[in-house]
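Step one of this worksheet: look at the structure below.
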Amino acid sequence: MTVSQASAAPGGFSPPGSRKDVEEGATLTPRFDANGLVACIAVDAHDGRVLMLAHMNAESLRLTLETGEAWYWSRSRSELWHKGATSGQVQRVVEMRVDCDQDALLISVEVGGDGGCCHTGRRSCFYRAVSLDPVSGEALLGPAGP
Numbered sequence: 382m383t384v385s386q387a388s389a390a391p392g393g394f395s396p397p398g399s400r401k402d403v404e405e406g407a408t409l410t411p412r413f414d415a416n417g418l419v420a421c422i423a424v425d426a427h428d429g430r431v432l433m434l435a436h437m438n439a440e441s442l443r444l445t446l447e448t449g450e451a452w453y454w455s456r457s458r459s460e461l462w463h464k465g466a467t468s469g470q471v472q473r474v475v476e477m478r479v480d481c482d483q484d485a486l487l488i489s490v491e492v493g494g495d496g497g498c499c500h501t502g503r504r505s506c507f508y509r510a511v512s513l514d515p516v517s518g519e520a521l522l523g524p525a526g527p
C-alpha cells in the first residue's frame, strides 16, 4: 500500500473535499483534528475483540499503510510509536477501514508476541466494565466479561 504524494497536505494525503467526496469517494482524505490526529481502534482480526484505542497523525498513518504494521502517535510521549517494536506485540494490519466522515479508523490486526496489546500486560486495554451504583450514583469499575 502506498500513499499518493500528489498534494502538500500532511503525510501526502489530499485535503478532504466535499461532503459527498468524503462520504462516498474512493480516496482516503483523513480529517485530522486540531492536534493533527485521528482516532484508531484496533480489533483482533480473528475474533473481532476490541484491543485498543490509539491515535494516528499523518506520518503514522502513512507508515502503517506503507509497512502493513500499526504505527501510532503517542500523545503522552509526543513521538511516533511502532506498536510492538520493544514488546514484540507487533500489529500486522489485515484490513483498515475509515468511518463515514474520515475522522476515525478501524484496523483489524494480527498481534505478534504473546498476543497482548495493553501496557498492563493484558490482551485488551478494555478490561474494566463501568456501572452505576444504584444507591450512591457513583460510577464504578469492575472486571469486564469475556
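Mapping to our numbering: the sequence shown position 102 is 483, numbers consecutive. Glycine included, C-beta positions come from ideal geometry on N, C-alpha and C.
Shorter than 7 angstroms, the distance from the beta carbon of residue i to the closest heavy atom of the ligand ADP, or not?
i           : result
residue 394 : In terms of ligand content, the structure shown is empty, and the ligand ADP therefore cannot be addressed.
Would you mind stating whether residue i and residue j have Cβ atoms separated by less than 8 angstroms?
i           : j           : result
residue 503 : residue 496 : no
residue 433 : residue 481 : no
residue 426 : residue 517 : no
residue 452 : residue 468 : no
residue 589 : residue 525 : For residue 589 there is no data in the structure shown, the boundaries of the chain being 382 and 527.
residue 494 : residue 465 : yes
Whose C-beta lies closer than 7 angstroms to the C-beta of residue i among residues of the same chain, with five residues either side of it excluded?
i           : result
residue 431 : 422, 424, 505, 507
residue 491 : 426, 473, 475
Can you give me the Cβ contacts of residue i inside the same chain, cut-off strictly under 6 angstroms, excluding the 5 residues immediately before and after it?
i           : result
residue 384 : Bear in mind that the predicted position of residue 384 carries a pLDDT of just 45, short of 50, making it too unreliable to give a figure here.
residue 411 : 394, 419, 483
residue 487 : 422, 478
residue 462 : 453, 455
residue 417 : 438
I'd like the list of long-range same chain contacts for residue i, defined as Cβ closer than 8 angstroms, with 5 residues on each side in sequence excluded.
i           : result
residue 519 : 513
residue 476 : 426, 488, 489
residue 460 : 454
Could you please give me the residues that DSSP links to residue i through a beta bridge?
i           : result
residue 591 : Coverage of the chain is limited to positions 382 through 527, which leaves residue 591 absent and any answer about it impossible.
residue 412 : Paired residues: none, contrary to the question.
residue 473 : 450, 491
residue 510 : 523
residue 436 : 420
Report, in whole angstroms, the separation of the C-beta atoms of residue i and residue j, which I expect to be a contact under 8 angstroms.
i           : j           : result
residue 439 : residue 413 : 7 angstroms
Checklist entry - Do the stretch 392–399 and the stretch 469–480 meet, that is, are 3 or more Cβ pairs less than 8 angstroms apart? => result no
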